[in-house]
Structures are given as structure tokens and as C-alpha cells.
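Okay, structure first, notes after.
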Amino acid sequence: MRTIPISSILRFSAIIWALSWLLLSYCTAPSLYWGDSGEFILSASNLDIAHPAGFPLFSQLANFFSHIPYGSIAFRVNLFSTFIGSLAIAGAYGISFALLLELLSLSLIEAAIVSLVTPIVLLSSPFFLKECLVAEVYTLNLLLLECFTFLFIRWFCHKDRKALMYIAFLSGLALGNHISFALAILGVLPLGIFRFEELKGQWASIFILFTVGLAVYGYVPVRSFANPPLNTGSPATLKRFFNFVTDQRDLKIKSDGISGAAEDKPPIFQIFGKRVLLSLRNGVSHIVDETAPSVLVVGIIGLILLLRWSPSLFYLLVSIAVGNYIFFLGWFPDSWLYPLALAGVGASLFFGFIVSIARRIKAPFRSFALKLCPVFVVLSFLLLYKPEVVDELSDFKEYLEARRDAKNTLEGVPSYSLFVVEPSWFSVAYMVYGEGFRSDITPIYLPSLFFPRYFRPLTLKDEGGALFNAGSVGKGLSDETADLKLLGRLIDWASLRTVVSLEPLLSINWYLHGVLRGNDKGGLFLKRGELKTISSGYVQKKTSEVVRLYSHLKEVPDPIKAELAIRLETKAVMLSSLLWETGFKREAISLLRGICKGGYVKGLKCPDNIKDNISLLQKLL
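So the sequence shown is residues 2 to 622, counted in our numbering.
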């Protein structure tokens with residue numbers, strides 16, 4: 002095999018990175034986005050602790066960008082995502098470049114041009130672009146997988162000992178970004194066993210470097226002692242740290258359906274679920290939608306050619322892709338990124354193979370090979386170009402709907418109150434702690450009250466030093482059982498000091514329906530001894546928020562639509578439950594019917610959850 006000119010690959014890849022970042026940074030989302038965005042913005046800006054297993058590498062790296070003296074905190078962390086996303090594009094390009102030089106007789110310039118097909122495949126994917134433009138960990142995971150792949154190629158093809166040491170360090174470090182990297186490590190173990198003789202005498206160095214990389218997790222318990230705003234799981238002790246990094250809370254409880262009873266343990270990976278075949282089919286279908294079918298077929302042919310040229314390298318790439326896909330199966334669309342990059346690599350290999358055949362033709366036709374390279378790049382662009390991708394980039398550049406929704410959630414909350422939330426926790430926490438909006442209120446994450454062993458235990462102290470500690474007043478129940486009496490005790494403790502506010506919550510609407518008060522500004526609150534008064538203005542205000550989200554859903558590209566639909570469904574079901582429990586029964590049914598009227602939104606079915614709720618409420622009416 003040919004020696005890979007690393008310096009040349011790095012120079013060309015640097016150009017791809019610069020051009021990609023120029024494009025992506027121009028389209029950076031200016032503020033908060035849906036899902037985990039608010040959490041990752043806070044964890045980056047405050048060096049805070051996100052949900053299990055903490056993502057310490059992302060938080061520490063993104064924190065550098067949070068100090069840029071331009072734009073909001075959200076914009077700066079989103080800009081970090083564009084930086085990492087552009088590096089991931091350059092990384093995929095570099096892998097294609099290296100394989101073309103390694104396996105085929107292409108010149109440096111031919112390989113450099115043909116490898117452009119891979120970035121085009123990634124940049125044509127709406128969901129990949131979404132991950133690049135908002136605060137998320139998956140593009141960093143993709144970049145680390147690409148570095149792992151490139152280093153493995155260096156070690157396996159050229160017996161580069163330095164590459165092996167880098168692999169050991171990177172493996173530990175990458176686990177500090179996402180635990181899914183463990184499947185990539187397990188997937189390539191057979192290749193390591195195949196070259197076992199070369200590993201003799203290296204085990205001590207490998208172990209030490211792996212441990213040094215993994216030491217990034219040491220940041221989690223150390224930072225927990227400082228008690229930052231999120232401090233998820235409060236993993237300051239060894240036991241709490243173990244529960245946190247092994248995600249015991251999701252294995253033993255389901256915080257979004259608190260019922261007062263323990264839930265069965267869910268499967269560790271979605272692959273072991275009962276609907277695995279349906280998940281596989283849906284996942285493959287979505288990957289096909291992300292790129293042109295013709296390019297996908299070409300990519301598969303390119304990978305088959307790779308199997309013929311080098312079964313070991315084929316196994317390397319495919320095992321990592323399969324491991325990544327299995328871990329995220331059903332987590333739409335997080336499982337697609339490495340397989341999508343692999344499709345681009347395969348397409349580059351196929352076109353490179355055609356060029357290598359043309360090079361073997363005798364003069365004067367040999368020069369035709371170089372002319373084929375840009376032809377294949379242009380052809381790929383024409384096949385993959387989607388006008389909606391351009392629309393998506395412009396939409397993200399000015400996307401403020403998630404922030405507007407968070408502001409609406411907070412605006413009606415009474416001053417200096419305790420605000421109990423669950424589905425809106427990340428966005429509310431970002432607005433209060435990140436932007437200082439409504440900094441007079443104290444957000445309370447409901448699972449912190451109900452499950453203090455697995456979440457940060459709710460602890461409150463008034464000016465006189467009187468303490469409320471969920472971890473002590475809830476003793477006597479199992480760690481996986483929610484005690485609704487804790488909510489009553491919180492209300493009793495707070496009633497002499499302030500007001501308890503909350504967003505509509507399915508798990509407690511029925512418990513508090515007799516004392517809830519809703520004002521015309523959209524605030525929902527209660528105080529011990531006061532009867533309920535849900536105003537018609539409250540009903541209209543909160544219903545109009547759901548209607549606005551529904552209208553917005555019709556206008557946005559698919560990547561935004563997918564996560565916005567989850568927010569809309571959650572908000573609608575929570576509100577309809579509250580309306581039903583407080584006597585607005587027809588309004589509750591009307592709200593859900595309005596969402597499903599006309600088949601919901603084109604491209605999205607009316608969620609089964611909403612249809613089931615409509616059916617149930619109609620029977621009860």
C-alpha cells in the first residue's frame with residue numbers, strides 16, 4: 002500500500018474546514034432551540050453537568066466559545082457546534098482522501114477532487130445541518146469517530162505505533178463526550194486481536210493513555226461540589242457518581258410519567274426492544290430520505306469495492322457505523338450521522354474507482370481521467386441539491402420560536418415564586434440562568450423533588466435559614482417511587498413564604514386541580530387554603546400558545562418540524578389534561594381535535610398519544 006502523505010491531506014482538509022465553517026457560522030442559530038439545547042448551552046457556559054453521563058468533554062470544549070465577546074450565550078455555544086460540524090465535514094473528506102490514496106492509483110489532485118463528493122453528501126443532509134447549527138453533542142461524536150477511523154487506518158495499514166497510542170488516548174477521551182463510543186471500541190476489537198502480536202509490550206502504555214483520556218470524567222464530581230445551576234444528579238459522592246454515569250435513573254424510573262410506582266427496566270439499547278424491525282425499517286427509510294437514492298446506491302457499491310480491496314478496512318468502517326446505529330436506534334435522527342458520512346465515503350470510492358480505470362487507458366485518453374474528477378463532483382451536487390436545504394439554513398439563522406415559547410412559559414409566573422416544571426425544564430433554566438430573564442423566580446425540576454437519589458435533591462432555604470430538603474422529608478419510600486405527599490409538604494413549607502407556580506403537568510394536574518389558580522397572563526399557581534379560579538383568559542392564553550406552535554409547525558423544514566412536533570404534542574396533552582381536571586372539558590377535547598384536524602400537518606401523522614387522549618376524553622364526557 003502507498004504511504005499516505007499526511008501533510009497534504011491536512012492541507013486540503015483545512016481548506017474544506019474553512020469553507021464549511023464560513024457557510025455554517027453564517028447560518029448559526031441565534032438563540033435557544035428545542036430539546037436538550039438549553040441544557041447544553043448552560044452546561045457549556047457554566048461548566049455545568051448535563052444529563053447522564055454528563056458529556057464533560059463537550060461542556061469543557063464549548064466553554065471556550067462561551068467567552069467570545071459577541072452575541073448571546075446561546076449563539077456562542079451554537080457557534081461551537083458549527084465549528085465542530087465543519088471539522089466533521091473535513092474529517093469525512095480526509096478519510097475519503099486517505100482511502101483513495103491508499104487503495105487506488107490516483108494522483109494527489111485527483112484524490113483531492115473526487116473526495117469532495119463526501120462533504121457534498123453531508124452538506125445535503127437537512128438533519129446533519131441541524132446538528133451543526135444548534136447546541137448538541139452528536140457532531141462532536143461524529144468527529145471523534147472520524148479521528149478514530151483515520152488513526153486506525155494509519156495503525157492497521159502502516160503499523161504506526163504513534164497512531165496506536167493516539168487511539169488509546171482518544172478512546173478514553175471520546176467516552177467523555179458520549180458513551181456510545183464504547184460500541185465503536187468493541188466493534189474494532191477483532192481487528193486488534195488479528196494484530197495481537199503487535200500489541201505485545203504495548204498494553205501498559207495503552208491502558209495509561211486510555212485512563213488519561215477517560216479522566217475527563219473527573220471533572221463531573223469536582224464541578225458538582227460547586228453546585229452549578231443544573232448540577233444534574235448532584236454526583237459529588239462515589240455512589241451518586243456511579244448512579245449518574247451508569248444512568249440508573251433511566252434504567253429504574255421514568256420521570257416523564259411519575260405515577261408513584263416503579264417502572265419496569267427498559268432495554269439498555271433500542272436494538273433489544275420488541276419493535277426492532279420496525280425501528281430498523283424506519284431508520285433506513287429516513288437515511289434514504291436524507292440523500293439521493295442514486296448516490297446511496299453508488300455509496301453501497303463503493304463499500305462493496307472496499308470489501309474487495311481491503312476486507313479489514315471495510316470491517317473497520319462498517320463495524321463503527323453499525324455500532325453507532327445500534328446504540329441510537331430509535332433516537333431519530335442521531336443514529337444517522339456516521340452511516341451518512343460512510344455513504345459519502347463509499348460514493349467517493351466508487352467515483353475514484355472509475356477514475357483509476359480511466360488512468361489505465363493508453364494515451365491520448367489518459368488525461369481524460371483528471372477531467373472525470375470534477376464531472377463526478379458536479380454530478381453529485383446536482384443529484385443531491387435540495388432547495389429545502391437552503392431554506393433550512395436561512396430559517397436557522399433567524400430561528401427564535403423556541404426562545405419565544407420559553408418566554409411565554411415564564412411571563413405569567415407570579416413574581417418571586419417557586420416554579421415547578423418538567424418538560425420545559427431545559428428552556429426555563431436557560432432563560433433564568435443563561436439570560437437572566439425572570440431571575441426573580443426559582444425554577445424547580447419536578448424529578449428533583451420526587452426522586453432525590455437519582456436527580457439533584459431539591460433543597461430550599463429561606464432568609465431565616467428554614468430548610469426544605471426533599472432527600473430527608475421523603476425517607477421511608479423506595480428510591481424509585483414518587484411520593485406525591487412531598488409536593489404537599491413543599492406547598493406547606495412555601496405557603497408562608499411565597500407562591501408555588503407550575504406548568505401543566507400530567508402527573509400532578511389531578512392531584513392539585515382543586516386549588517390551582519390561573520390568571521389572564523398565563524400563570525398557573527396555588528397557595529394553601531385558596532380555592533381554584535382558572536380564568537377564561539388563562540384558557541385562551543395557553544390555548545393560543547398551542548395554536549401558534551401548530552401554525553408554526555406548518556411552515557418550518559423537516560428537521561425543525563420533527564422536534565417542534567414533540568414540543569407541541571407534550572404541551573397540548575399537558576394543557577388538555579389540566580383543562581379537563583379543572584372543569585373545562587369541552588375546551589380540552591376541542592384543543593386536541595384542533596391539532597389533529599385535517600390530518601395534522603403534511604408529512605406528520607397525528608400522534609397516537611393525542612388520538613388516544615381524544616378517544617378517552619370523549620368516552621368520559
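Beta carbons are placed, not taken as given, at the ideal position from N, Cα and C, and that holds for glycine.
The beta-carbon distance between L338 and F129, rounded to whole angstroms, is 6 angstroms. This is short enough to meet the 8 angstroms contact definition. Distances from the CA of S357 to each of E103, A573, D484, I50 were compared; the closest alpha carbon is that of E103.
Taking 7 angstroms as the cut-off, the Cβ atoms of A359 and L373 count as close. Take G95, set aside five residues on each side of it, and the residues of its chain with a beta-carbon closer than 7 angstroms to its own are I10, S14, F151, in chain order. Annotated as proximal: I17 and P120, with beta-carbon spacing under 7 angstroms. Proximity to P415 across L487, E393, N228, S440 peaks at S440, based on C-alpha coordinates. Residue pairing of P444 in beta bridges, as defined by DSSP: F420.
In this structure, DSSP gives S508 a state outside helix and strand, which the three-state scheme calls coil.
F456 and G219 have their C-alpha atoms roughly 19 angstroms apart. In this structure, the CA atom of S60 is about 31 angstroms from the CA atom of F98. When DSSP states are grouped into helix, strand and coil, S502 belongs to the strand group. Nearest to V540 by alpha-carbon distance, out of I114, W581, L497, is W581.
The C-alpha of E199 lies about 30 angstroms from the C-alpha of Y326. If you draw a 10 Å sphere on the C-beta of F208, you find fewer than 16 other C-beta atoms in it, and that means exposed. When DSSP states are grouped into helix, strand and coil, K462 belongs to the strand group. Between N610 and L593, the C-beta spacing is not below 7 angstroms. When DSSP states are grouped into helix, strand and coil, L107 belongs to the coil group.
In the assembly as shown, F65 is an exposed residue. Its beta-carbon has fewer than 16 other beta-carbons within 10 Å. DSSP, reduced to helix, strand and coil, places F526 within a strand of the structure shown. Here R518 carries a strand assignment [DSSP, helix/strand/coil]. In the structure shown, N178 falls within a coil segment according to DSSP collapsed to helix, strand and coil. Here the alpha carbons of H514 and L487 stand approximately 16 angstroms from one another.
Closest by C-alpha distance to E147, out of I590, A342, R12, is A342. Taking every protein chain shown into account, the CB of G584 has fewer than 16 other CB atoms within 10 angstroms, so this residue is exposed. If you check the CB distance, F197 and L317 do not come in under 7 angstroms. Around the beta-carbon of L617, fewer than 16 other beta-carbon atoms lie within 10 Å, marking it exposed. For F469, the uninterrupted beta strand (DSSP E) run begins and ends at 468-470, by DSSP. Following the DSSP letters along the chain, one finds S552 inside the alpha helix (DSSP H) bounded by residues 537-554. Here T140 is near I85, since their CB atoms are less than 7 angstroms apart.
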